[in-house]
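K.L.:
For reference, the structure I am asking about is given below.
Residue numbers (our numbering): -7 to 79.
Okay, here's the thing in structure tokens:
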């Protein structure tokens, strides 16, 4: 594994652990794809730093457990905004 990929894995892992960011937010922040973040966190990070990998896994598991709630809130905001626009 190249050094820059190892560095990216550690930086993204620390970011997710510190901020509780979603995969999408982390990908946007670091300018990489969601697939890259997933691969980095699921496959590469455990090889580099097992403790950090466990912290990241717990954050991502929590994010997954509440995603249906976040999606519902986003849909609600969308339709409230549309209703306000109409009148």
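All residues carry an ideal CB built from backbone N, CA and C; glycine is no exception.
What residues in its chain sit with their C-beta under 8 Å from that of residue 18, if we drop five residues either side in the sequence?
P.N.:
Correct list, in chain order: 4, 7, 8 and 29.
K.L.:
Going by C-alpha to C-alpha distance, which of 37, 43 and 51 sits closest to residue -1?
P.N.:
If we check each option's Cα against that of residue -1, 37 comes out closest.
K.L.:
In terms of residue numbering, what span does the alpha helix (DSSP H) encompassing residue 67 cover?
P.N.:
Residues 59 to 78.
K.L.:
I believe residue 55 touches residue 11 by the beta-carbon criterion, under 8 Å. Please report the beta-carbon distance rounded to the nearest angstrom.
P.N.:
The pair is not a contact, with the Cβ atoms about 11 Å apart (cut-off 8 Å).
K.L.:
Considering just the uninterrupted stretch of the alpha helix (DSSP H) at residue 0, what are its terminal residues?
P.N.:
First-last of the alpha helix (DSSP H) with residue 0: -5 to 11.
K.L.:
Determine the direct distance from the alpha carbon of residue 48 to that of residue 22, and round the result to whole angstroms.
P.N.:
Cα to Cα, residue 22 sits roughly 16 Å from residue 48.
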